[in-house]
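Residue numbers (our numbering): 347 to 495. Here is the structure we will look at.
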Amino acid sequence: MLRLTKKSEYGLMALAYIARSESGTTSAKKIVDELEVPRRLLAEVLKDLSRSTIVSGTRGPGGGYRLNKKPSEISLCEVVECLDGPLNVMECSDHGVCSHSPSCIIKSGVTKLAEDLRSVLTNATVADLAEGSPEHHPHPAAALPIFPV
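Right under this line is the structure:
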């Protein structure tokens with residue numbers, strides 16, 4: 347089953363939450379409390395996102411995390427690869443060596459699937475997620491659906 351890891355899931359949730367923040371800066375504690383995510387794992391995620399310069403953190407009163415780019419400029423692929431490494435559907439999908447070659451009958455299909463998945467995640471952004479469901483919006487003006495009804 348293809349699915350995001352908890353690191354990527356919490357990273358995307360945190361970035362969407364920061365993007366929705368009225369001030370543009372949000373404390374890790376507020377993210378943990380509002381999104382009900384594990385503190386330790388979120389700390390690790392925010393550290394990785396800081397290292398890759400997706401976010402920057404400021405310590406002390408009034409500090410917190412802020413996005414270093416507009417939410418529309420942060421692709422989901424960038425975030426997932428920052429937190430989990432290269433996006434691979436199967437071992438051979440990153441153009442690596444196929445252990446079943448030359449008899450592998452699915453390599454070209456798997457390679458195409460990996461390329462399509464990468465394209466979808468590259469074209470989707472944190473802004474797309476931040477515009478989602480209204481239940482965690484800090485202010486009503488930010489509640490915009492991703493898809494028109």
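All C-beta atoms in this analysis are idealised placements derived from N, C-alpha and C, irrespective of residue type, glycine included. All of these numbers come straight from a predicted model, not from anything done at the bench.
Helix, strand or coil: which one does DSSP assign to Val378? Correct three-state label for Val378: helix.
Determine the DSSP secondary structure at Thr457, reduced to helix, strand or coil. DSSP, reduced to helix, strand and coil, places Thr457 within a helical segment of the structure shown.
Supposed contact pair Gly370 and Leu395 - C-beta distance, whole angstroms, cut 8 Å: With a contact defined as Cβ atoms closer than 8 Å, Leu395 and Gly370 miss out at about 15 Å.
Below 9 Å between beta carbons: does that hold for Ile364 and Thr372? Result yes, Cβ atoms of Ile364 and Thr372 sit closer than 9 Å.
How big is the Cα-Cα spacing for Arg366 and Ala476? Cα-Cα distance, rounded: 6 Å.
Taking a contact to mean a Cβ-Cβ separation below 9 Å, would you say Ala360 touches Leu392 in this structure? For Ala360 and Leu392, yes; Cβs fall inside 9 Å.
According to the neighbour-count rule (16 or more other Cβ atoms, all chains shown, within 10 Å of its Cβ), is Val425 buried or exposed? Buried, because 16 or more other Cβ atoms sit within 10 Å of the Cβ of Val425.
So is Ala389 buried or exposed if we call it buried at 16+ other beta carbons inside 10 Å? Looking at its Cβ environment, which holds fewer than 16 other Cβ atoms inside 10 Å, Ala389 is exposed.
How should Gly406 be labelled, buried or exposed, when 16 other C-beta atoms within 10 angstroms of its C-beta is the threshold for buried? Classification for Gly406: exposed.
Short of 8 Å in beta carbon distance, which residues of its chain neighbour Glu427, apart from the five on each side in sequence? Order them along the chain. Cβ within range, chain order: Leu433.
Have a look at Ile420 and Asp430 and give me their C-alpha separation to the nearest angstrom. Looking at the two C-alpha atoms, the distance is approximately 16 Å.
Buried or exposed: where does Gly410 fall if 16 or more other Cβ atoms within 10 Å of its Cβ makes it buried? Looking at its Cβ environment, which holds 16 or more other Cβ atoms inside 10 Å, Gly410 is buried.
Below 8 Å on the Cβ atoms is my contact criterion, and I expect Ala470 with Val435 to pass it. Report the Cβ-Cβ distance as a whole number of Å. 17 Å between Cβ atoms; not a contact.
For Leu422 versus Leu348, is the C-beta spacing smaller than 9 Å? Not in contact: Leu422 and Leu348 (Cβ atoms no closer than 9 Å).
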